[in-house]
Amino acid sequence: MDASERLNGEWPLEPSPVEMRRLVELAMERIERFLRELPTQPAAQWEGGGEVARALQEPLPEEGAPFPQLLDRIFQEAVPHSFNTAGPGYLAFVPGGGIFPTAVADLIGDVVNRYVGVWLAAPGMVQLEQNVIRWFCQIVGLPAGAGGVLTTGGSMANFTAIVAARRDRLPEDFLAGTIYTSDQVHHSVTKAAVLAGFPEERVRVLPSDERYRLRPAAVAAAVAEDRAAGLRPFLLVGSAGTTNSGAVDPLPELAALARREGLWFHVDAAYGGFFALTERGRAALAGLGEADSLSLDPHKGMFLPYGTGSLLVRDPATLRRAHATSADYMPPYQDDPDRADFCALSPELSRDNRGLRVWLPARLLGFRAWREALDEKLDLAHLAARELGQVPGVEILAEPVLSLFAFRLAPAGTSEEERERLNREWLERVNRRRRVYLTATRLRGRFALRMCVLHFRTHRERIEMALEDLRQEAEILSRRPAGRQSVD
Ligand SMILES: Cc1ncc(COP(=O)(O)O)c(C=O)c1O
């Protein structure tokens, strides 16, 4: 008997409708419990990760296992030991999100499993994704005719932008091309330049001003110097909300400079861009729409689960020139600019149904929901910075422009080394209370704590908890005899 007869019409890869419903319902029970417990779960659990990971090593499974047992493995063993990135206390790095309607969109998208790489294969689904891209262009102020592509995140968006800029502005032999950016730019930009084939030394990392912003005069001087040395300046990268300190570069001045010098102007708005939905954000981000290309991450400012970024470009033809290759087995690409073949606009051929995971929540809730939530995050960050600024010994090193700021304890008469030790301990003590999770960075060499308020579940009460923990621990540290720095 061959394999086609042996299974007797029963296909384990094709569960019955009853079985499918059972899978979803059992999963949903766990999801509900997970969400119910979220507010009291620790904001992060980081000790002993090695043992947890080791205990989860498993041999190749030849036979299946009961679903409840696998759910236990996920929810009880794999998930808890982690940064609680779905929880309200996550104020670290740049928080993501995990809004539920996207999970439903993913379920639908995964089941219908339409191929959205070429327009011809699913014109309707491609159109939904294009709607999303148009809305994004509108939000950031790019003109009609702008376009783009959904990516896995900001790193891929920055990479795709640099490749497009390289193809648009430089000859095939491009190694003399130089890129200008600030010392605060996200490290994915340098990585993208290297991946796009540039030696790292071709990225001119220029010192930022006292508010951590790129200085147009410094860019102009570096461009002139490089031209004189026979190099080819071609790309200026600004930031609309840096990860380090939240700074927004002077975008209108940089855009004007880029135009004057014939540089492609890319703006990394991966973190900050969606604040353009709010009035205050629009004011802080003036000039965003003057970019030639722009990274904007729905898995940050739209609170989507990880895995959805976007690259928006003023002229979609530049993306196509950089990425369209073909083969005899491929269907023809569309000439109509309204019909996108996403595989000809980006490095990926096959990929997930990214459009649906943005489209469904956007249509279900309307952008008003995000405008209000982002306004709330602005209020919370400003409140937290204001309150912390009143704590004795606290110095705000970077005021919030959007929803991210940096601060430290800097008691009078202490050296930089003592301050670093003190702040490391402050951070650890606060994080060990497990109600919030914060991370640190360096600003002009100074060790600093940072707070990024960008989780849709972070509301006023959690920020009050953060302030309480920071105040109480600062107070304990201030009462300790000078010189005693160990964690007790
Ligand atoms: C400003 C900025 N740019 C780029 C990135 C990279 O984005 P991703 O992690 O989605 O690749 C980040 C990530 O935090 C970011 O904050």
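In our numbering, each number is its position in the sequence shown, counted from 1, plus 11.
Note that beta-carbon positions come from the ideal geometry of N, C-alpha and C, so glycine has one too.
Asked	Found
Excluding the 5 residues preceding and the 5 following residue 94 in the sequence, name in chain order all residues of the same chain whose CB lies nearer than 7 Å to its CB.	55, 101, 103, 448
Anyone know if the C-beta pair for residue 312 and residue 163 falls short of 8 Å?	no
Using 8 Å as the Cβ pair cut-off and three pairs as the minimum, do the segment 326 to 339 and the segment 174 to 184 touch?	yes
Any contact between the segment 270 to 286 and the segment 302 to 312? By contact I mean 3 or more CB pairs, one from each, below 8 Å.	yes
State the CB to CB distance for the pair residue 462 and residue 416, rounded to an integer number of angstroms; the pair is presumed to be in contact (CB under 8 Å).	6 Å
Here's a check: name, in chain order, each residue in its chain whose Cβ is nearer than 7 Å to the Cβ of residue 105, leaving out the five neighbours to either side.	254, 282, 311, 463, 465
Helix, strand or coil for residue 474? Go by DSSP, reduced to three states.	helix
Would you identify the three-state DSSP class for residue 39, choosing helix, strand or coil?	helix
Tell me whether residue 249 counts as near ligand 1, meaning its Cβ is closer than 7 Å to at least one heavy atom of that ligand.	no
Could you have a look at residue 244 and say whether DSSP puts it in helix, strand or coil?	strand
Where does residue 498 fall in DSSP's three states?	Bear in mind that the predicted position of residue 498 carries a pLDDT of just 40, short of 50, making it too unreliable to give a figure here.
May I ask you to report which of helix, strand or coil DSSP gives residue 279?	strand
Take residue 484 and list the residues in its own chain whose beta-carbon comes closer than 7 Å to its own, dropping the five residues that flank it on each side.	437, 440, 441
Using CA atoms only, rank isn't needed, just tell me which of 237, 389, 28 is closest to residue 290.	389
Any chance the segment 343 to 361 sits against the segment 76 to 93, with 3 or more Cβ pairs inside 8 Å?	no
In the structure shown, what three-state DSSP assignment does residue 488 receive?	helix
Once DSSP output is grouped into helix, strand and coil, what is the label at residue 158?	strand
Please classify residue 405 as buried or exposed, where buried requires at least 16 neighbouring CB atoms within 10 angstroms.	buried
Determine the DSSP secondary structure at residue 406, reduced to helix, strand or coil.	strand
From residue 30 to residue 252, what does the alpha carbon distance come to, in whole angstroms?	47 Å
Would you kindly report the start and end of the unbroken beta strand (DSSP E) that includes residue 215?	214 to 217
Leaving out five residues before and five after residue 444 in sequence, what residues of the same chain have Cβ atoms less than 6 Å from its Cβ?	480
Measure the C-alpha to C-alpha separation of residue 499 and residue 453 and round it to an integer number of angstroms.	Confidence is the limiting factor: at residue 499 the pLDDT is only 36, short of 50, which leaves the residue's position unreliable and the question unanswerable from this model.
Got a sec? Which residues, its chain only, sit under 8 Å from residue 60 by beta carbon, not counting five neighbours each side?	92
By a C-beta neighbour count over all protein chains shown, 10 Å radius and 16 as the cutoff for buried, is residue 78 buried or exposed?	exposed
Give the DSSP-derived three-state secondary structure of residue 378 in the structure shown.	coil
Using CA atoms only, rank isn't needed, just tell me which of 243, 168, 154 is closest to residue 160.	168
Alpha carbons only, please: which of 401, 379, 372 is nearest the one belonging to residue 113?	372
Per the DSSP calculation, residue 105 is bridged to which residue(s)?	According to DSSP, which records beta bridges pairwise, residue 105 is partnered with nothing at all.
Given 7 Å as the limit, tell me if residue 160 has its C-beta closer than that to any heavy atom belonging to ligand 1.	no
Less than 7 Å between C-beta atoms, sequence neighbours within five positions excluded: which residues of the same chain meet that for residue 37?	78, 79, 82
Looking at ligand 1, does it come within less than 7 Å of residue 466, judged from the CB to the closest heavy atom?	no
Can you tell me which of the three DSSP states residue 86 falls into?	helix
What three-state label does DSSP hand residue 344 in the structure shown?	coil
On the criterion of 16 or more Cβ atoms from any shown chain inside 10 Å, does residue 275 qualify as buried, or is it exposed?	buried
Given this structure, state the Cα-to-Cα distance separating residue 420 from residue 358, to the nearest angstrom.	45 Å
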